[in-house]
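Only one structure is covered here, and it is reproduced in the block below.
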Amino acid sequence: MSWLKSVLNHLLVGLLNALTYLPYPALVHLGYGLGWLAAHIPSERQQVVKANLQRCFPELSSVAIASLAISHWRLLGRSLLERSIIWRGSVKQLSKMIEVRTAVDLADRKPRILVNPHFVGIEGSIIISALATERNWPRTSGFFQRMKTPFFNQKIITWRNRFGGNSIEREGNMIQLIREIRDGNFVIIAPDIDLGLKDSAFVPFFGILTNTITAVSRLAQVTKAEVCIMSTTLKADESGYLCEIREPLVDFPSADINADTAFLNQQIEILVRERPAEYYWVHKRFKNRPNGESSFY
Numbered sequence: 024m025s026w027l028k029s030v031l032n033h034l035l036v037g038l039l040n041a042l043t044y045l046p047y048p049a050l051v052h053l054g055y056g057l058g059w060l061a062a063h064i065p066s067e068r069q070q071v072v073k074a075n076l077q078r079c080f081p082e083l084s085s086v087a088i089a090s091l092a093i094s095h096w097r098l099l100g101r102s103l104l105e106r107s108i109i110w111r112g113s114v115k116q117l118s119k120m121i122e123v124r125t126a127v128d129l130a131d132r133k134p135r136i137l138v139n140p141h142f143v144g145i146e147g148s149i150i151i152s153a154l155a156t157e158r159n160w161p162r163t164s165g166f167f168q169r170m171k172t173p174f175f176n177q178k179i180i181t182w183r184n185r186f187g188g189n190s191i192e193r194e195g196n197m198i199q200l201i202r203e204i205r206d207g208n209f210v211i212i213a214p215d216i217d218l219g220l221k222d223s224a225f226v227p228f229f230g231i232l233t234n235t236i237t238a239v240s241r242l243a244q245v246t247k248a249e250v251c252i253m254s255t256t257l258k259a260d261e262s263g264y265l266c267e268i269r270e271p272l273v274d275f276p277s278a279d280i281n282a283d284t285a286f287l288n289q290q291i292e293i294l295v296r297e298r299p300a301e302y303y304w305v306h307k308r309f310k311n312r313p314n315g316e317s318s319f320y
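Under our numbering, the sequence shown has 206 at position 183, and the numbering climbs by one with no breaks.
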């Protein structure tokens, strides 16, 4: 039934294009409704969200966990529909939707790594790329994880790169990423993800030993790049997103890769505690366990 799959894929692309023509408030509230619906339909990911929240917030009651989970699903639904603008919208739409506040001069072409944690408002590479030309910023590069569906794998790469960005496949392309950093181009990395045990370390996150990639510390050591935390969060008035780039981390990297990775997890945890409903809880953050521990999921 490959023809049916092809038809469905093209219909979904058409839907994404159509969503970009909706008034922004309508898109937001349609997304909330989609997320609320997902929160009430039993699924594997619903159990993942619940397990993650219970592990990270053991002090909360079951009622509070359930409420936080619903809030998360509503925001996730909103952000998924807003991907239509992120992936298919114009520079004008993105400029109106996203405000950037930065503590560093993004036009100075210093070797710099932007650490962009997995909040529902991720896709920082497109955000920066879209605004780069009019603000005289360098181009943006970032890792991407290959998708299971070849059609959308190529589509999303094209959409992410349409403003001059450079999506680099995660496997086997570290030298290319090092070159991008040394050339003064932005490199955006989201290290709070479990990609397997290779080039990773078990370090604390919410008091839980968590498998975390060590790429940020290793790249910063090799390139002498400064490292800044970058967060993309929802505005309270529902008018869009706020992208904040903070001052470079002090004394980072150190000589201890594992300590650096633990420090980054600590910084991300601080952000998550400020906005717990906005973190990407649908991801199996604690998938791999140390020392033969049983799965959380």
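Glycine included, every Cβ here is placed at the ideal spot set by N, Cα and C. If you're wondering where the values come from, they're calculated on a predicted model, not measured in any experiment.
Counting along the chain, Tyr264 sits inside no alpha helix (DSSP H); it lies in the beta strand (DSSP E) bounded by residues Tyr264 to Ile268. Beta-bridge annotation (DSSP): Phe142 is paired with Tyr302. Inclusion of Glu292 and Pro271 in the CB contact set at 9 Å is not warranted, their separation being larger than that value.
Within a 10 Å sphere around the beta-carbon of Trp26 sit fewer than 16 other beta-carbons, which makes this residue exposed. Exposure of Val86 is indicated by the presence of fewer than 16 other C-beta atoms within 10 angstroms of its C-beta. In the three-state reduction of the DSSP assignment, Ala259 falls in the coil class, being assigned neither a helical nor a strand state. In the DSSP assignment, Met253 is bridged to Ile268.
Out of Cys79, Gly144 and Arg135, the CA that lies nearest to the CA of Leu200 is found in Arg135. For Glu203, the uninterrupted alpha helix (DSSP H) run begins and ends at Met197 to Arg205, by DSSP.
Taking C-alpha positions only, Arg308 is separated from Asn75 by approximately 8 Å. Between the stretch 212-230 and the stretch 97-107 there are fewer than three C-beta pairs closer than 8 Å, too few to call the two in contact. With fewer than three CB-CB distances shorter than 8 Å, the stretch 185-192 does not count as touching the stretch 272-292. The beta carbon of Gln70 is closer than 8 Å to those of Tyr320 in its chain, skipping five residues each way along the sequence.
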